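In the numbering used here, the protein residues as written are 87 to 815.
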């Protein structure tokens, strides 16, 4: 009799058959060897590394757990999150920029586009839902997450998941407490149970509850146990408390330390190659060290989601022409436009410098080393190989009508000042690139020799050469490989390079009509020079259409409507301690805006801050809470300026009385509102009360029965409208 196949299982589920029955029926057909083969990658380790280093990371899907005999496709992995890493896909603005839009519906559209491009290239699992909380803005991969607040992370992570999962499975990462880069392979993070659930896992819980198919564990250790084999995280919390029924994969190559323990404690898949598990699981199964029941659990989790999503994702496979198509590039431009944050816009003469008006025929100086750069972010695992990226200089040249555009790279401040003095308008492009922040790609075993024990034995000179690259002992130039020596990692400074601060001083002294555009992913301290220029814009790593979007914002073709998804302090003293090379750290609830408030100091720019080219007024707040989980907040917002704009309404909760053990003010929800000049709209936001609850041995009571509910333009907004209410009534 012919075996029951994956194709038949999918057909049965499509006809209304029971999913669990189909999974069980297919599992029976698998031999023990086939079951073990489902638990790691299909490519032998050294061959996979050879391809990754000498060719390109994730050029095609990484296939894990395919069983051809039974037509099981396996997990076909593609990375993110700024787009699809495979092929020549659309490079969207980095996640932090997308968080600055405060527009979850827009992120859902990004997810839809990403899902289509991944589907066209043969993937079935997109591992680009990155929602790690940045405890400190120096974290090298801060560009891959959406902001400092669990509510922002939960809403955006869920929106991206929903968009992608029309076409395939999505994977949320990195689980958990992963927000340091240089030390990620040796770091143990200590965190109390209540703080972990209330702060560091809250957004993961929301995304899991929303149906995310898979979870990727993190490299670091949590409370003394590596995350890839951490029973508390993977079994007790994820499956026990949250009832997660998807599969868990490791982070790549170094994501687990004990192959048998990882299976027993809830890690279903070792990614992306045949590595540690391939070396030990067969013998462990034979000796009784590993029980087939644990293997079966992992196989069931993997089969369940493959069958479920193949059955329900009925979208046709798009043609390859969908990659970086005009529609997706237009979406990237829209996202970039809505992400840019106007920090400062003072008057020059009788009106604010921005937007730039009546520029036809004027001389515009574009100054800075990054002006010509196609700077979409780091070159690590999230790098998207988009064929055409519009630089700031290209965008300005294309969008400024009949202007004389002069570029100076800023390498000589005196020369740049002379160029600026001769111009009508100066646009400075400053900030960071992949060498300043990003995924830490220095050869891994150079600093952590113990990692070498995780590799299979080498077999020949090619394998030995790859190992030498990991050790950093070849002396070769690896700048065009995935081992980009010296690039990325945690930021060494939260300030601009010294020569850029000097350049700003020289140029702004030569021409008062100076705009500074900052390319970065996290907070940049600008106290040294912000008083010297009238206008400052954070333009982020802005994707393939970033140059055009910057020009659109500067010219006022669209409103400046991005808002900070984090706070910017005035000093490093107002941040948690940060030792990039530490091996032990404790995470608590005090970082970002919460720490600023606890210290009793003011942020340079608070969480949610962002100026507009118009002005708004809010009124008529009506807040009511009929259960302990949500509050419904209605209000009126009016555009009282003379041009169209976007108001980002933010709902904050302030428990009464204030408890010094918790933040005094917390973000509960948000919503962007588009308004024409003079227009008013009535708005309702149903916001979460989870930030005002506490974890108490599995229960979530409110910390206080009363709270002041605010509708504000940013955290601590003195013009916020507010109402004191009883929660849950």
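C-beta: ideal position from N, C-alpha, C; glycine also.
What you are looking at is a predicted structure, and each value in this text was computed from that prediction instead of being measured.
Identify whether residue i lies in helix, strand or coil by the three-state DSSP scheme.
i, result
"residue 114", "helix"
"residue 390", "helix"
"residue 282", "helix"
"residue 572", "Reliability fails at residue 572, whose pLDDT of 43 lies under 50, so the model's placement of it is uncertain and the value that follows must be treated cautiously. Note: residue 572 maps to coil in three-state DSSP."
"residue 720", "strand"
"residue 493", "strand"
"residue 330", "coil"
"residue 219", "coil"
"residue 382", "helix"
"residue 53", "Because the chain here runs from 87 to 815, residue 53 falls outside it and cannot be looked at."
"residue 502", "helix"
"residue 853", "Outside the shown range of the chain, which is 87 to 815, sits residue 853, and nothing can be said about it."
"residue 244", "helix"
"residue 404", "coil"
"residue 451", "strand"
"residue 259", "strand"
"residue 476", "coil"
"residue 101", "coil"
"residue 592", "helix"
"residue 236", "helix"
"residue 457", "coil"
"residue 213", "strand"
My assumption, with CB atoms under 8 Å, is that residue i sits in contact with residue j. Please give the rounded CB distance.
i, j, result
"residue 676", "residue 670", "Going by Cβ atoms, the distance from residue 676 to residue 670 rounds to 18 Å, so no, they are not a contact pair."
"residue 271", "residue 340", "5 Å"
"residue 352", "residue 299", "Wrong, their Cβ atoms sit about 16 Å apart, outside the cutoff."
"residue 425", "residue 758", "About 12 Å separates the two Cβ atoms, so there is no contact after all."
"residue 542", "residue 365", "6 Å"
"residue 510", "residue 444", "About 10 Å separates the two Cβ atoms, so there is no contact after all."
"residue 146", "residue 169", "Not really, about 16 Å apart at Cβ, beyond 8 Å."
"residue 229", "residue 526", "Not confirmed; about 13 Å, so no contact."
"residue 701", "residue 645", "Contact doesn't hold; Cβ gap of about 11 Å is too wide."
"residue 660", "residue 694", "Contact flag wrong, Cβ pair sits at about 17 Å."
"residue 462", "residue 177", "5 Å"
"residue 597", "residue 506", "4 Å"
"residue 621", "residue 440", "5 Å"
"residue 788", "residue 754", "Residue 788 to residue 754, Cβ: 13 Å. No contact."
"residue 244", "residue 292", "6 Å"
On the DSSP letters alone, give me the boundaries of the beta strand (DSSP E) that residue i sits inside.
i, result
"residue 264", "Neither: residue 264 is in no beta strand (DSSP E) and is coded neither H nor E."
"residue 422", "Residue 422 -> not in any beta strand (DSSP E); alpha helix (DSSP H) instead, spanning 412-425."
"residue 732", "731-742"
"residue 705", "702-710"
"residue 612", "Residue 612 -> no beta strand (DSSP E), and no H or E assigned at all."
"residue 808", "807-812"
"residue 516", "511-517"
"residue 621", "621-624"
Would you say residue i and residue j are within 8 Å of each other, going by their C-beta atoms?
i, j, result
"residue 217", "residue 777", "no"
"residue 798", "residue 806", "yes"
"residue 667", "residue 306", "no"
"residue 249", "residue 196", "yes"
"residue 151", "residue 367", "no"
"residue 652", "residue 223", "yes"
"residue 211", "residue 257", "yes"
"residue 515", "residue 457", "yes"
"residue 764", "residue 725", "yes"
"residue 616", "residue 383", "no"
"residue 470", "residue 460", "no"
"residue 606", "residue 518", "yes"
"residue 899", "residue 513", "Absent from the structure is residue 899, since the part of the chain shown begins at 87 and ends at 815."
"residue 99", "residue 108", "yes"
"residue 813", "residue 714", "yes"
"residue 502", "residue 494", "yes"
"residue 131", "residue 359", "yes"
Would you kindly report the start and end of the unbroken alpha helix (DSSP H) that includes residue i?
i, result
"residue 787", "No alpha helix (DSSP H) contains residue 787, which DSSP labels as neither H nor E."
"residue 293", "288-295"
"residue 274", "Here residue 274 belongs to no alpha helix (DSSP H); instead the beta strand (DSSP E) covers 274-276."
"residue 536", "It is not in any alpha helix (DSSP H) - residue 536 carries neither H nor E in the DSSP assignment."
Compare the C-beta of residue i against all C-beta atoms of chain B and say whether one is closer than 8 Å.
i, result
"residue 582", "This model lacks chain B altogether, as it is built from one protein chain only."
**OP:** Go through the region 118-189 residue by residue and report every complete run of the alpha helix (DSSP H) that reaches 4 residues or more, in order.
**Re:** 118-123, 131-140 and 181-185
Original post:
What beta strand (DSSP E) runs, 3 residues minimum, are completely inside the region 747-799?
Top reply: 752-761, 766-774 and 792-798
Original post:
Along the chain, which unbroken stretches of the beta strand (DSSP E) at least 3 residues long are found entirely within the region 291-375?
Top reply: 300-303 and 333-335
Original post:
Enumerated in chain order, which unbroken segments of the beta strand (DSSP E) with a length of 3 residues or greater are wholly contained in the region 633-697?
Top reply: 670-672
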